[in-house]
Amino acid sequence: MTANLLLEAENVGIQFGGLKAVQSVNMHLNKGELIGLIGPNGAGKTTTFNMLTGVYEPTEGIITFDGKKINGLKPYQVTKLGISRTFQNIRLFKDLSVLDNVKVANHNKAKHGIFASILRLPSHFAGEAKMEEESIEFLKIFGLDIYKDEMAKNLPYGMQRRLEIARALAAKPKLLLLDEPAAGMNPQETHDLMELIAFIRKEFDLTILLIEHDMHLVMGVCERIYVLDHGQLIADGTPQEIRSNPKVIEAYLGEEVVE
Amino acid sequence: MKKSKVFWGLCLLAIIFYAVVQVMISGGILDMYYQSILIQMCINIMLAVSLHIIIGITGQFSIGHAGFMAVGAYFSAIATMKLGLPFPVAILIGAIVAALAGLLVGIPSLRLKGDYLAIATLGFAEIIRIIFLNVDYVGGAAGMVITNLSNWTYAFMGVFVTILVIANFTNSRHGRGCISIREDEIAADAMGINTTYYKVVAFTIGSFFAGVAGAIYAHNFFIIQPTTFGFLKSFDILIYVVLGGLGSLSGSVIAAIFLTVVSAYLSGYPEERMIIYSLVLIIVMLYRPTGLLGTKEITSLFKFGKRGGSKV
Amino acid sequence: MEWLQQLVNGISLGSIYALIALGYTMVYGIIKLINFAHGDVFMLGAFIGFYAIARWDLGFFPALIIAMLLCAIIGVIIERVAYKRLRNATRIAALITAIGVSLLIENTVIYFRGASPEAYPEVLSNKSISIFGANISSQSIMILGVTIVLMILLQFIVHKTKIGKAMRAVSHDPDAARLMGINVDNTISATFAIGSALAGAAGVIFGVYYTRIDPLMGVLPGLKAFVAAVLGGIGSIPGAMVGGLVLGVVETVVSALGYSLWRDAAAFVILILILILKPSGIFGKNTREKV
Ligand SMILES: Nc1ncnc2c1ncn2[C@@H]1O[C@H](COP(=O)(O)OP(=O)(O)OP(=O)(O)O)[C@@H](O)[C@H]1O
Ligand SMILES: [Mg+2]
């Protein structure tokens, strides 16, 4: 492949007890792409994310990111290398302020050590001030700066979803994985969110892999799409190709994708 | 900046408090009985705050804190009684060995979660206690006789440094890392926090200050025995942290002060004291499981400081 | 044939641990609570048995049955009053409540009768029987017999009765069980009743065998029984039995080798090794949190 390749999964799969949740998945993501990952409920999409981010270690196959093999790495190591993600079932730090949620993800960009903080050395103050400034920038992009001192659990639902993305972005990833970021949002909110995603992609030079149930949305924004069903990739291609792929139509059994 | 003003304000207040008490002691207004209660209070605050960083901040459920206190007590006692070292050096030795013990216990057991971690820490604390019980060098079951070297100044310094270090730690990127583990370990990991590292760091810092408390305790009571450091002691410390509010430093301090006073008043009625203690514990858990202050700090109730976070 | 004698001692001790461990494991299996008060129910059983024998002149078996019945009732009361409200509480709140209940029981007993120990009357004749050259007390055999009968009874209840099926269903998935029309609350109470009855039986047996009981006697055996439950794989009934026996034998061996002061450490060393090497225990299954 070309120098453009960012992530490659070769024959990746995982087994839980007897259940093969995902098997022999081959994927490649090029720098700058916005790619969709779709499939019916229980197809293994979230599980695939979990393998790409080190939450689960694949039982087969190899994942390469930016030229490095990443299976077996811990999630925080994968994040440091440049993959960050959101969660389908929102996992914010509920009792922390909105600002602190983002600051946590900003953690590794600061350099001041534990002793500097305990002794309140100048490097602590400088480091913390920089984190604060940067984190507020991220909040501003998502229109969350007005909530910065609010506890995350008190945010309205749609804002919580946005905060998840802001937080993931604060880890300064090269590859951003979004697990159903628009779930539970109304059409207007979804539309705004998609514009935002397009914006951050340009602004931060991101590659994005997006899980989404809303077909129109995926077909509309993604350049390429992977389709999972029963843990296996059944198709990949441009939205046009996917739309007319008989296997996909069968997997969705007459769902809206057909039209 | 506003935050650092609050910080220096609290420091100043603490020093004034110290000086006033010291003057009262020198002037003979506070007799030995009250002095000993004050020192006991300081020891309990140190224990509470040092467990707070493990449970309240990092969310790691340790119920073996008395084990690290024991390490601090015994090793500082060895330093003064057997090696003839000065008391401040002995405190440091006790604390460092306790921190090492914390490191040693923490690395294998902090992979465990919830109940399993709790029971493992309890097991480790019992093993530590049984080791002291079996070592003749430190007196075995009979214990070790120790000269009284602790006083209000040492006790106060101990509390001051404990709170300062733990509050400063909490209010930094490192403390936020620890809190994120408490809030959601999987999300913290996914945001790039090395969760194992920070759990061990918090555990080690907590053990260090439990060691300081142990050292001051050992030199306050003429004798230490392994039975003192059993799991009932660990539960006592746990109660401070839980009643004060998991996640609230000031809450655990207030609970430690309050319960020390209550214990002193009820010291003539040990059974009644324990019955009341346990009833309060059950009732608080059933009706207000977040404890007195929840994760809030007392300062935030007076509208300085920020909401939900910690003070300083 | 001293080792055979030690083995029998170990198995006797182990069967007491096993009886207590069963309650821990059943309760943990069904509501994921380490019921710290379980060791104190064991202590109450020992005292009930003591009063039944010493004050009311009852024999061993009537005393055993009374202790089991009363302990079952106490267990249900504890569950209904303290633990029921905790179903949706955090694990920490639940564990601390359990610690509170444990302290409350111990200190209430101390309050009413003092902390002094009591000497158990001899209710079972204690002859020495010689088997393969080893002297084995008839008491040991009696204890083993009772334990085995209780365990068979438990297996029968869990696998052959309706309440047993309900218990297994609830511990597998409480929500699904509720949807299937199982009364979850009653099932949990039944679990406490059975577990507490077994702990009560263990208390009487302990009293008869070791002859000395006191209000804090439940603390250490309680903790060790929990270790046994973890060793066997918490939630697993055969696991609790095997774990209890293994622990009893190991402790007896450690004592017999002349390290009796280290005996208590053995249990905790086992605990830590098992937690670190195979937290799911001998019979447990590995589970992984879904993300
Ligand atoms: N930790 C786990 N243990 C056992 N099975 C699991 C685990 N995680 C996922 N699975 C199983 O793997 C399969 C795929 O689940 P996954 O969550 O990846 O689906 P999904 O495509 O994200 O579905 P949805 O659209 O509902 O989010 C499911 O059958 C699920 O039950
Ligand atoms: Mg999913």
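Residue numbers (the working numbering), protein chains in the order written: chain A, 1 to 259; chain B, 260 to 571; chain C, 572 to 862. Ideal Cβ placement from N, Cα and C applies to all residues, glycine included. Keep in mind the model is a prediction, meaning the values are calculated, not measured.
Where does residue i fall in DSSP's three states?
| i | result |
| --- | --- |
| Thr317(B) | coil |
| Asn678(C) | helix |
| Val539(B) | helix |
| His311(B) | helix |
| Ser851(C) | coil |
| Leu715(C) | helix |
| Glu250(A) | helix |
| Gly753(C) | The amino acid at residue 753(C) is misidentified as Gly; the sequence shows Ile. The answer is coil: DSSP assigns Ile753(C) none of H, G, I, E or B. |
| Asp192(A) | helix |
| Asn11(A) | strand |
| Val330(B) | helix |
| Gln484(B) | coil |
| His28(A) | strand |
| Phe563(B) | Because the pLDDT at Phe563(B) is just 44, under 50, the model does not fix this residue reliably, and the value given afterwards should be weighed accordingly. Reduced to three states, the DSSP call for Phe563(B) is coil. |
| Asn706(C) | strand |
| Ser762(C) | Here residue 762(C) is Thr; the residue named in the question, Ser, does not match the sequence. Reduced to three states, the DSSP call for Thr762(C) is helix. |
| Ile389(B) | helix |
Please work out which residues of its chain come closer than 6 Å, Cβ to Cβ, to residue i, disregarding the five sequence neighbours upstream and downstream, and give them in chain order.
| i | result |
| --- | --- |
| Glu259(A) | With a pLDDT of only 42 at Glu259(A), under the threshold of 50, the placement of this residue in the model should not be trusted; the figure read from the coordinates follows. Answer for Glu259(A): no residue qualifies. |
| Ala623(C) | Leu629, Ala634, Ile637 |
| Ile877(C) | The structure shown has nothing for residue 877(C), since chain C only spans 572 to 862. |
| Ser742(C) | Gly600, Ile601 |
Using only the alpha-carbon positions, how far apart do residue i and residue j sit?
| i | j | result |
| --- | --- | --- |
| Ala391(B) | Thr758(C) | Here the sequence assigns Phe to residue 391(B), which means Ala is not the residue at that position. Whole-angstrom Cα-Cα distance: 45 Å. |
| Phe607(C) | Leu525(B) | 25 Å |
| Ile440(B) | Gly373(B) | 13 Å |
| Thr380(B) | Ala110(A) | 33 Å |
| Ile602(C) | Leu99(A) | 37 Å |
| Glu189(A) | Gly158(A) | 8 Å |
| Ile792(C) | Phe777(C) | Correcting the residue identity first, residue 792(C) is Pro in this sequence and not Ile. Those two C-alpha atoms are separated by around 10 Å. |
| Leu575(C) | Leu832(C) | 22 Å |
| Ala251(A) | Ile211(A) | 16 Å |
| Gly17(A) | Gly810(C) | 21 Å |
| Phe276(B) | Asp756(C) | 54 Å |
| Met215(A) | Asn4(A) | 28 Å |
| Val725(C) | Thr732(C) | The question names Val, but residue 725(C) is Leu in the sequence shown. So the two alpha carbons sit approximately 10 Å from each other. |
| Ile118(A) | Asn427(B) | 5 Å |
| Ala360(B) | Ile366(B) | 10 Å |
| Ile312(B) | Asn430(B) | 12 Å |
| Asp779(C) | Leu695(C) | Here residue 779(C) is Val; the residue named in the question, Asp, does not match the sequence. Whole-angstrom Cα-Cα distance: 8 Å. |
| Val520(B) | Met300(B) | 8 Å |
| His124(A) | His433(B) | 11 Å |
| Leu508(B) | Val308(B) | 6 Å |
| Phe115(A) | Leu121(A) | 8 Å |
| Gln710(C) | Ala770(C) | 19 Å |
| Asp611(C) | Lys80(A) | 50 Å |
| Glu223(A) | Gly237(A) | 8 Å |
| Thr86(A) | Val102(A) | 13 Å |
| Gln15(A) | Gly803(C) | 26 Å |
Show which residues of chain F have a CB atom less than 9 Å away from the CB atom of residue i.
| i | result |
| --- | --- |
| Asp95(A) | The question asks about chain F, but that chain is absent: this structure's protein chains are A, B and C. |
Quick one: what's got a C-beta closer than 8 Å to residue i's C-beta in the same chain, skipping five residues either side?
| i | result |
| --- | --- |
| Leu310(B) | Ser321, His324, Gly465, Ala469, Ile496, Leu497, Tyr499, Val500, Ser511 |
| Met305(A) | Absent from the model: residue 305(A). The displayed extent of chain A is 1 to 259, so no value can be given. |
| Thr317(B) | Cys437, Ile438, Ile440, Arg441, Tyr457, Lys458, Ala461, Phe462 |
| Leu666(C) | Leu604, Ile605, Phe607 |
| Val717(C) | Leu635, Ala772, Ile776 |
Sorted by chain position, which residues of the same chain lie with C-beta nearer than 7 Å to residue i's C-beta, five sequence neighbours on each side aside?
| i | result |
| --- | --- |
| Ala273(B) | Phe419 |
| Asn407(B) | His478, Asn479, Phe481 |
| Gln294(B) | Ile284, Trp411 |
(message) Closer than 8 Å is the cut-off here; do at least three beta carbon pairs connect the stretch 485–502 of chain B with the stretch 383–398 of chain B?
(response) yes
(message) Please output, in chain order, the residues near ligand 2 using a CB cut-off of less than 7 Å to any non-hydrogen atom of the ligand.
(response) Lys45(A), Thr46(A), Gln88(A), Asp179(A), Glu180(A), Ile211(A)
(message) Below 8 Å, how does it come out for the stretch 193–202 of chain A and the stretch 115–130 of chain A: are there three or more Cβ pairs, yes or no?
(response) no
(request) Spell out a yes or no on whether the stretch 136–143 of chain A and the stretch 40–58 of chain A are touching, meaning 3 or more CB-CB pairs, one atom from each, closer than 8 Å. (result) no
(request) Flag this pair as touching only if the stretch 652–663 of chain C and the stretch 795–813 of chain C have three or more C-beta atom pairs under 8 Å; answer yes or no. (result) no
(request) Please determine if the stretch 532–552 of chain B and the stretch 664–681 of chain C are in contact, where contact requires at least 3 C-beta pairs separated by less than 8 Å. (result) yes
(message) Does the structure place the stretch 441–456 of chain B close enough to the stretch 277–284 of chain B that three or more beta carbon pairs sit under 8 Å?
(response) no
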